[in-house]
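What follows is a short report on a single structure.
Numbering (my numbering), first residue to last: 8 to 134.
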């Protein structure tokens with residue numbers, strides 16, 4: 008163990024420490040990932056196309072980041088659903104479709120094209 012949190016603690020402190028541990032474990036050598044014109048700064052949770060920032064909702068960013076971490080692999084809707092709702096049983100595959108649709112729309116409006124491909128019957132692919 009390389010961290011310890013005494014009780015009582017604030018939830019925000021727990022989240023901050025978990026994020027810090029994640030950065031240490033997975034490294035942040037280059038927190039900026041580029042796919043064509045799309046640029047994602049995972050350290051700042053910022054998305055841009057060219058020089059223009061793209062404002063995403065929490066769920067839109069979560070979908071993009073998840074697909075980005077699995078770039079080149081088809082991600083089933085059910086897997087995205089579990090990621091977004093932490094296996095709570097809330098949400099639906101339709102909600103995932105809506106988030107992907109909104110994300111695509113925002114990226115297209117900024118000139119990024121459509122880096123997210125649909126593999127009918129299988130899921131989504133960021134390539």
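Each residue gets a CB set at the ideal place from its N, CA and C atoms; glycine is no exception.
Next on the checklist: Going by beta-carbon coordinates alone, are residue 57 and residue 67 separated by less than 8 Å?
Outcome noted: For the purposes of this step, residue 57 is taken as the residue at position 50 of the chain shown. For the purposes of this step, residue 67 is taken as the residue at position 60 of the chain shown. Against a cut-off of 8 Å, the Cβ pair of residue 67 and residue 57 comes out as no contact.
Checklist entry - Using DSSP with H/G/I as helix, E/B as strand and the rest coil, what is residue 68? => result To locate residue 68, count along the chain shown from 1; it is residue 61. Helix, per DSSP.
Next on the checklist: I'd like to know whether the C-beta atoms of residue 84 and residue 60 end up nearer to each other than 8 Å.
Outcome noted: Here residue 84 refers to the residue found at position 77 when the chain shown is read from its first residue. Here residue 60 refers to the residue found at position 53 when the chain shown is read from its first residue. The answer is no: Cβ separation not under 8 Å.
Checklist entry - In three-state DSSP terms, what is residue 75? => result Here residue 75 corresponds to residue number 68 of the chain shown, with the count starting at 1. Here residue 75 sits in helix by DSSP.
Checklist entry - What do you get for residue 122, buried or exposed, if any count of 16 or more other CB atoms within 10 angstroms of its CB means buried? => result Here the question's residue 122 lines up with position 115 in the chain shown. Burial of residue 122 is indicated by the presence of at least 16 other C-beta atoms within 10 angstroms of its C-beta.
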